[in-house]
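Chemist:
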Amino acid sequence: MSRMFYFCVTTMLMFVAFFGGYDVSAQGDADPADIARQASEETERRRPLPTYYGKIGVTDEQREQLYGIQDEYHTQIDALQRQIKQLIRERDDRMEQLLTPGQKLRLQELREEARRRAQQRQSARSSEADSDAPTDSDGE
Numbered sequence: 006m007s008r009m010f011y012f013c014v015t016t017m018l019m020f021v022a023f024f025g026g027y028d029v030s031a032q033g034d035a036d037p038a039d040i041a042r043q044a045s046e047e048t049e050r051r052r053p054l055p056t057y058y059g060k061i062g063v064t065d066e067q068r069e070q071l072y073g074i075q076d077e078y079h080t081q082i083d084a085l086q087r088q089i090k091q092l093i094r095e096r097d098d099r100m101e102q103l104l105t106p107g108q109k110l111r112l113q114e115l116r117e118e119a120r121r122r123a124q125q126r127q128s129a130r131s132s133e134a135d136s137d138a139p140t141d142s143d144g145e
């Protein structure tokens with residue numbers, strides 16, 4: 006099954022979970038299948054197009070064809086990406102087997118340092134974004 010299918014199902018389940026507890030008496034005798042179909046259509050409209058395609062005025066027909074093409078290749082691309090990750094792991098394992106215990110230890114230390122620096126940069130960006138957010142007094 007494709008990721009898009011799982012995304013659609015998950016979105017519909019979240020929709021039902023969120024709105025399921027609300028009073029829907031205003032809908033009268035709305036058919037649950039109609040509600041699910043509407044949620045599916047809403048999700049379908051929000052699917053992302055390839056980069057910049059949304060800015061060039063594609064028609065609804067083109068949009069559907071683009072989605073179809075994406076779906077055709079999605080499974081193959083996913084499988085290839087998993088295969089690439091596996092090959093990289095195998096390559097890295099073979100290369101590390103050539104190292105001495107001291108080299109392996111130093112490699113691990115360098116990787117941990119890089120991971121910490123990346124986390125610090127992410128934290129700094131997060132706090133910058135928080136400080137850039139407007140406060141109630143900014144707009145007045």
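Oh and the sequence shown: position 3 is 8 in my numbering, straight run, nothing missing. Virtual Cβ for every residue (Gly too), placed ideally from N, Cα, C. Treat the numbers as computed from the prediction; the structure is a model and nothing was measured.
Please indicate yes or no: does the CB of ARG68 lie closer than 7 Å to some heavy atom of the ligand NAD?
Modeler: Within the structure as shown, the ligand NAD is missing, as the structure has no ligands at all.
Chemist: For GLY62, name the three-state secondary structure that DSSP assigns.
Modeler: coil
Chemist: For my contact list, LEU104 and LEU92 are in at a C-beta cut-off of 8 Å; report their separation, rounded to the angstrom.
Modeler: About 20 Å; that fails the 8 Å criterion.
Chemist: Output the residue ranges of the beta strand (DSSP E) runs that lie fully inside the region 69-118 and measure 3 residues or longer, sorted by chain position.
Modeler: Complete beta strand (DSSP E) runs here, min 3: none at all.
Chemist: For a quick check, are the C-beta atoms of LYS109 and GLU117 less than 8 Å apart?
Modeler: no
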